[in-house]
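Per our numbering, residue 163 is the first one in the sequence shown, and the count goes up by one each step. Note that the Cβ used here is the ideal one computed from N, Cα and C, for glycine as well.
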Amino acid sequence: MPAVVGEKLSKIFGQGDGQVVALKDADVAVEAGEIVALMGPSGSGKTTLLRALSLIDPPTTGYVAIGNDVVFEGARVLTDDRQLRRKRMGIIFQAYNLIPFLTSVENIALVLTLNGISRREAMARANKLLSRLELGHRAETYPATLSGGEQQRVAVARAVINDPAVILADEPTAALDTERGKAVMDLLRQLGRVQGAAVIVVTHDERMIEGFDRVYHMTDGRITNH
Ligand SMILES: Nc1ncnc2c1ncn2[C@@H]1O[C@H](COP(=O)(O)OP(=O)(O)OP(=O)(O)O)[C@@H](O)[C@H]1O
Ligand SMILES: [Mg+2]
Numbered sequence: 163m164p165a166v167v168g169e170k171l172s173k174i175f176g177q178g179d180g181q182v183v184a185l186k187d188a189d190v191a192v193e194a195g196e197i198v199a200l201m202g203p204s205g206s207g208k209t210t211l212l213r214a215l216s217l218i219d220p221p222t223t224g225y226v227a228i229g230n231d232v233v234f235e236g237a238r239v240l241t242d243d244r245q246l247r248r249k250r251m252g253i254i255f256q257a258y259n260l261i262p263f264l265t266s267v268e269n270i271a272l273v274l275t276l277n278g279i280s281r282r283e284a285m286a287r288a289n290k291l292l293s294r295l296e297l298g299h300r301a302e303t304y305p306a307t308l309s310g311g312e313q314q315r316v317a318v319a320r321a322v323i324n325d326p327a328v329i330l331a332d333e334p335t336a337a338l339d340t341e342r343g344k345a346v347m348d349l350l351r352q353l354g355r356v357q358g359a360a361v362i363v364v365t366h367d368e369r370m371i372e373g374f375d376r377v378y379h380m381t382d383g384r385i386t387n388h
């Protein structure tokens, strides 16, 4: 059974003449342990699709299931979506949304303490993951003084620290050079293969393509391959 399913997802922004149909009957289904790419031109609906699946900005109509739970059906959210994201999803957006008054390691550890893990253990796990991403030396640094690529890796670490069942990543390697981009992709792949996460990665990066099990192509709000 897929870990994440979206069926007949539509998303309409605005009204009347200003209306934009950003998703049109989009279907996706990703199994646990599977890592898929989502590709398509700028404005084709990739970010909108990830926001719809995560219920951060729910679809206008359609169906979303996370594991056994139907979380959106018809036009209604059927769950506490904040809890759902906090406990079962790891989300990396184009804007990193790091908390400015927390250090790198605190930004990551926060996810664990919000889920009831002690601060000591949370900090230890966060430091370990930062080291793996070659950011150990930036653990005590605040986001404002990190480079773009460093912020991106802190955001990746924060998204995956909790071993989420579903990982949605919007160009997680865009700000990174080849080596560091590869390290992030290796981490996402490991989370898929070893932890059994379902991983969807928006990418324009042809260099990363061989690492994926499948590719979804989007055009004008539609998934064009089936
Ligand atoms: N909040 C919004 N209000 C109105 N229109 C929006 C909104 N968000 C996205 N859109 C429109 O929906 C369409 C899909 O946008 P989306 O951000 O999903 O594209 P994308 O595939 O992620 O593009 P990119 O590769 O540039 O990030 C675009 O036409 C965009 O202008
Ligand atoms: Mg986008």
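In summary, Gly224 is buried, with 16 or more beta-carbon neighbours lying within 10 Å of its beta-carbon over all protein chains present.
Every beta strand (DSSP E) stretch that sits fully inside the region 300-347 and reaches 3 residues is listed by chain position as 328-332.
For Ala194, the CB contacts under 6 Å within the same chain, skipping 5 residues up- and downstream, are Ala165, Gly358 and Ala360 in chain order. Inter-segment contact for the region 322-342 and the region 270-283 is present: three or more beta-carbon pairs are separated by less than 8 Å. A residue is called buried once 16 or more other Cβ atoms fall within 10 Å of its Cβ, and Ile371, having fewer, is exposed.
In this structure Val346 is in contact with Arg315, their Cβ atoms being roughly 7 Å apart against a cut-off of 8 Å. With a threshold of 7 Å, the Cβ atom of Thr209 counts as near ligand 1, since some heavy atom of the ligand is closer than that.
Collapsing the DSSP output to three states places Asp189 in a strand.
The straight-line gap separating the alpha-carbon atoms of Phe263 and Asn387 is approximately 43 Å.
By the Cβ-count criterion, Asp242 is exposed, with fewer than 16 other Cβ atoms from all chains shown falling within 10 Å of its own Cβ. Close CB contacts of Gly311 within its chain, under the 8 Å cut and outside five residues either way in sequence, are with Ala337, Leu338, Asp339 and Arg342 (chain order). Glu368 counts as exposed, since fewer than 16 other beta carbons sit within 10 angstroms of its beta carbon.
Secondary structure note for Leu212: its alpha helix (DSSP H) is the uninterrupted segment Lys208 to Leu215. When Leu291, Glu268, Ser293 and Lys290 are compared, the shortest CA-CA separation from Arg281 is found for Glu268. Cβ-Cβ distances below 6 Å link Pro334 to Ile254, Val318 and Val346 in the same chain, with the five nearest sequence neighbours on each side left out; the list follows chain order. Counted as a single uninterrupted DSSP element, the alpha helix (DSSP H) harbouring Leu292 occupies residues Arg281 to Arg294. Within 10 angstroms of the beta-carbon of Phe175 lie fewer than 16 other beta-carbons, which makes it exposed. For the options Val356, Arg355 and Val377, the alpha carbon positioned closest to that of Thr365 is the one of Val377. Between ligand 2 and Asp339, a heavy atom-to-CB distance of less than 7 Å is absent. Judged by the Cβ position, Ser172 fails to qualify as a neighbour of ligand 1 at the 7 Å threshold, every heavy atom of the ligand being at least this far.
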